[in-house]
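J.: Handing you a structure now.
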Amino acid sequence: MRTVIQRVKHASVTIDKQVKSAIGTGYLVLLGICEEDTREDADWLIRKIIGLRVFDDEQGVMNKSIMEVGGEILVVSQFTLYASYKKGNRPSWLRAAKHDISIPLYNYFCQQLSQELGKKVGTGEFGADMKVELLNDGPVTICMDTKNKE
């Protein structure tokens, strides 16, 4: 699994001119799933996201987790995180998982993340033309890949 995690002041996802999900302070998580990914990868990633300390403490130092600031999370499926650009200029998506793998794993990820966070996690919609809007705070943007756990 690959993610781009952005600390945001607010974020939303709109589908067909209707806001599907919106959050205030927290994380916008773009999530890519490949064929080899498992629930264990999702669990590892959830622990890292929940424990990530990138919110300011009273001294202005990035030292607090999303739990400590009561933040929210919006997760948007992003198969393009597995783009291969080795040949030519048109990316290939062959490494991205097909729907039979990615949809159940995405749903598992969101459900478990919501449970760990203690509140509902906002989501996008698989296969939809989504418009994602955000105000990146910092900016703070962190990429994680479960294939690089060490």
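Numbering-wise (the numbering used here), the sequence shown opens with residue 83 and increments by one.
For each residue, glycine too, the CB sits at the ideal point set by N, CA and C.
(1) Considering Cα atoms alone, identify which of V111, Q100, S94 is closest to T85.
(2) I need the DSSP call for Y109, collapsed to helix, strand or coil.
(3) Tell me, to the nearest whole angstrom, how far the beta carbon of Q141 is from that of Y109; I am working on the premise that it is less than 8 angstroms.
(4) Look up H92 in the DSSP assignment and give the residues it is bridged to.
(5) From the DSSP output, read off the bridge partner residues of S147.
(6) Of the choices R177, T205, C192, Q194, whose alpha-carbon is the least far from that of D119?
(7) Express the C-alpha separation of Q100 and E232 in angstroms, rounding to a whole number.
(8) How many angstroms separate the CA atom of G209 from the CA atom of I97?
(9) Would you list the one or two residues that DSSP bridges to M226?
(10) How would you call M144, buried or exposed, if buried means at least 16 neighbouring beta carbons within 10 angstroms?
(11) Run through DSSP, which three-state label would I97 get?
(12) For T205, does the three-state DSSP call read helix, strand or coil?
(13) Give me the Cβ distance between F137 and I148, rounded to the nearest whole Å; I'm assuming they're in contact under 8 angstroms.
(14) Using C-beta distances below 7 angstroms, list every residue in its chain close to N171, excluding the 5 sequence neighbours before and after it, in chain order.
T.: Well, looking at it:
(1) It is V111 whose Cα lies nearest to the Cα of T85.
(2) Strand at Y109.
(3) In fact, because the Cβ distance is near 22 angstroms, the residues do not count as touching under 8 angstroms.
(4) Per the DSSP secondary-structure output, H92 pairs in a beta bridge with L217.
(5) S147 is bridged to R135.
(6) It is R177.
(7) Cα-Cα distance, rounded: 41 angstroms.
(8) In a straight line, the C-alpha of G209 is about 11 angstroms away from that of I97.
(9) As computed with DSSP, M226 is found in a beta bridge with T85.
(10) By the 10 Å Cβ count, M144 comes out exposed.
(11) I97 falls in the strand class under three-state DSSP.
(12) DSSP places T205 in the strand class (E or B) of the three-state scheme.
(13) Confirmed, about 7 angstroms.
(14) Apart from the 5 residues on each side of it in sequence, N171 has no Cβ closer than 7 angstroms to any other Cβ in its chain.
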